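One structure is given here, and the rest of the page talks about it.
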Amino acid sequence: MNIRRVSFDHPDAVKLNDEVQAEYHVRYGDGGDATSLDPGDFEPPNGVYFIAYDENDSPVATGGWRAQDTNGEGNLDGDAEVKRMYVVAAARGRGLARRILAALEEDARTAGRLRMVLETGIKQPEAIALYTSSGYEPCEKFGYYRSYDDSRCFAKRLGS
Numbered sequence: 001m002n003i004r005r006v007s008f009d010h011p012d013a014v015k016l017n018d019e020v021q022a023e024y025h026v027r028y029g030d031g032g033d034a035t036s037l038d039p040g041d042f043e044p045p046n047g048v049y050f051i052a053y054d055e056n057d058s059p060v061a062t063g064g065w066r067a068q069d070t071n072g073e074g075n076l077d078g079d080a081e082v083k084r085m086y087v088v089a090a091a092r093g094r095g096l097a098r099r100i101l102a103a104l105e106e107d108a109r110t111a112g113r114l115r116m117v118l119e120t121g122i123k124q125p126e127a128i129a130l131y132t133s134s135g136y137e138p139c140e141k142f143g144y145y146r147s148y149d150d151s152r153c154f155a156k157r158l159g160s
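Written out as C-alpha cells, the structure is:
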C-alpha cells in the first residue's frame, strides 16, 4: 500500500468521497455528511488529504485533517479535525484505516496541532472501535452535528 498526499478535489478523492457519502446515506438515510468542506481546508500547513493506493494503483482508503481553532462550534485552539475516513468495502479488514489515521496524526503533530478531534455516529460502530482502540476518548461535542443525538465526538492529545 502506498499513501499519497492529494488535493481534496483530486479525481480519486472525489470518487472516494462520493462512495463514503453514499455509505452515510445508507446508514443514516440523510443524503450524507452535510458538513461544509472546502478543498483549501486540506492544504498544508492547515490540513492534508491522503489516499492509500493498492498494488494495482487503485484508490482504496482515504482520510484528511483540517485545522480548527476556537470557534462557535465547540472546537479549541490547536484542533486538527479528522474528515472523510473511508476504506472501500473490498479492502476492509487489512488495517488501512489505522494506517491512514496514524499518518494523519503524524502530519497534524508535525504541523503543530495539539489535539486530533473527530465526529462520527452510532451507526458506524467499526469507526468508533477504531478510534477508541487508537487512544481516542469521548469529548465535548463540536461541529455541524453537535446537537444530534446519534453523533459522537472523540479527541486525542497529540504529543510532541
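Residue numbers are given in full-length UniProt numbering: position 160 of the sequence shown equals residue 160, and the series is strictly consecutive. A virtual CB, placed ideally from N, CA and C, is assigned to each residue, including glycine. Given the structure is predicted, the values throughout are model-derived calculations rather than measurements.
Query	Result
Those residues which DSSP pairs with F154 across a bridge	L118 and P138
Residues sharing a beta bridge with T62, DSSP	I51 and Y86
Inside the region 5-29 only - alpha helix (DSSP H) runs reaching at least 4 residues	11-28
Three-state class that DSSP yields for E81 in the structure shown	strand
Beta-carbon proximity check, V60 vs A97, cutoff 8 Å	no
Y36 - containing alpha helix (DSSP H), residue span	For the record, residue 36 in the displayed sequence is Ser; it is not Tyr. First-last for S36: undefined, no H or E at that position.
A111 in three-state terms, based on DSSP	coil
For Q124: DSSP bridge partner residues	Beta-bridge pairing links Q124 to no other residue.
Beta-carbon proximity check, T35 vs Y144, cutoff 8 Å	yes
Whole-Å CB distance - G74 paired with R115, under 8 Å assumed	That belief does not hold up - the Cβ atoms of G74 and R115 are roughly 12 Å apart, past 8 Å.
Inter-residue Cα distance where the pair is V6 and P44	11 Å
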